[in-house]
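Below you'll find the structure, written out as structure tokens, and then a few comments.
Numbering (my numbering), first residue to last: 7 to 457.
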């Protein structure tokens, strides 16, 4: 792996607020934030569709006769294709652009979601779940790429927290929406309805998303602000055209990339406990009925939204104060990931309200870090043409945890008579490992040296 010499000079501090370009003011000069909101909508639908199964699974299990071990495999089937397809998705986004590839991915996952409402057995359910994973692979690297092109460096973390909160909102909406649809109609109706929501977003995306150079409503002032702040624009790519080529496979030679992969693996293992097993935990371990689940089950996801925004605001504020990118990223990543280990303390809390409070704190701490995680690909990309590729590589590793986590949790539950003690302790331990990774494996957060 390629590393920098320890004798090299320390990373310079980021520009202070006084040296930053003036922020455009007034109506019609915040088009970039509309792009962030558009990406937020895409990820919200993305996570709504993937979370529908977790919420509907208790009802589906009776109809399709699915046991705990089989449930774990069904939940993990999504992540096999989702993780593997991260790698080509990132490369395709860098080659063909955000607008086209994100739209194709959304069409794919919407069709797969509708298909899950038509399954007749475990085999077809697993197949539809794997197709869903393949289509949703563009959902993470696409917004990361879009933000790198639309935002200056000192606004990127907050912008990333905006679209990344689509994950929390989509997951939170899934609980009341899907439980309502299942209770009022049938679990099949829930899948079909959620799939059709994706079609509405696709129409909006295709009509509204443009690159900065082509956007009809982007003012000259705002475009100059974006470019002066270090966005990865077409002009940046043209300037880098004569630089030595960094092949996709060469990205794996860097220690920083492996640190990004391992850190996000640990962080996502815990996040996907909330996405996959959290509803079942509330029902089986804490005795929630369907109505109580739909109401209180949204609390951690809603708290996590504020955690993500706080993480984005804090990081960008520190950058504007002149902190180096390395110092800012490590502060947010290590503190948030370490604090999320409180998930392990739920095993000694006797009340459901106390456990829900700790779980909410854990989830919010994780999302405090995710805004910085989403910013790492643009921070370390050797050229503008590597941002989505690095985002895909990072997310590939994180979703290996999505494959292993539900399976491991399912087997631990089966072997312990349904107790969640060991699964929660494992999640807490991995939070600590993730914090140590961001602290010591990743050295400097800066563009990877071109060899």
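No residue lacks a Cβ here, since even glycine has one placed at the ideal position from N, Cα and C.
Per DSSP, residue 53 has no beta bridge partner at all. The criterion of a C-beta distance shorter than 9 Å is not satisfied by residue 426 and residue 335.
Annotation for residue 189: the continuous alpha helix (DSSP H) segment containing it runs 162-190. A straight-line Cα-Cα distance of about 42 Å links residue 441 and residue 192. Residue range 74-102 is occupied by the alpha helix (DSSP H) that includes residue 102.
Distances from the CA of residue 94 to each of 84, 142, 122 were compared; the closest alpha carbon is that of 142. For residue 146, the three-state secondary structure derived from DSSP is coil.
Per the coordinates, the alpha-carbon of residue 456 lies some 14 Å from the alpha-carbon of residue 261. Following the DSSP letters along the chain, one finds residue 212 inside the alpha helix (DSSP H) bounded by residues 193-214. For residue 365, the closest C-alpha among the options 74, 231, 283, 259 is that of 283. Taking 9 Å as the cut-off, the beta carbon of residue 83 is found closer than this to the beta carbon of residue 139. Two segments are said to touch when three or more pairs of C-beta atoms, one from each, lie closer than 8 Å; by this definition the segment 198-213 touches the segment 41-52. Under the three-state reduction of DSSP, residue 426 is assigned to coil, being neither helix nor strand. 9 Å or more divides the Cβ of residue 288 from the Cβ of residue 279. Within the segment 246-280, not a single complete beta strand (DSSP E) segment reaches 3 residues in length. At the C-beta level, residue 385 and residue 331 come within 9 Å of one another. In the DSSP assignment, residue 346 falls outside any alpha helix (DSSP H) and carries neither an H nor an E. A contact is defined here as three or more CB-CB pairs under 8 Å, and the segment 340-354 fails this definition with respect to the segment 147-155. In the DSSP assignment, residue 298 falls within the unbroken alpha helix (DSSP H) covering 296-302. About 26 Å separates the beta carbons of residue 164 and residue 408, which is beyond the 8 Å limit, so they are not a contact pair.
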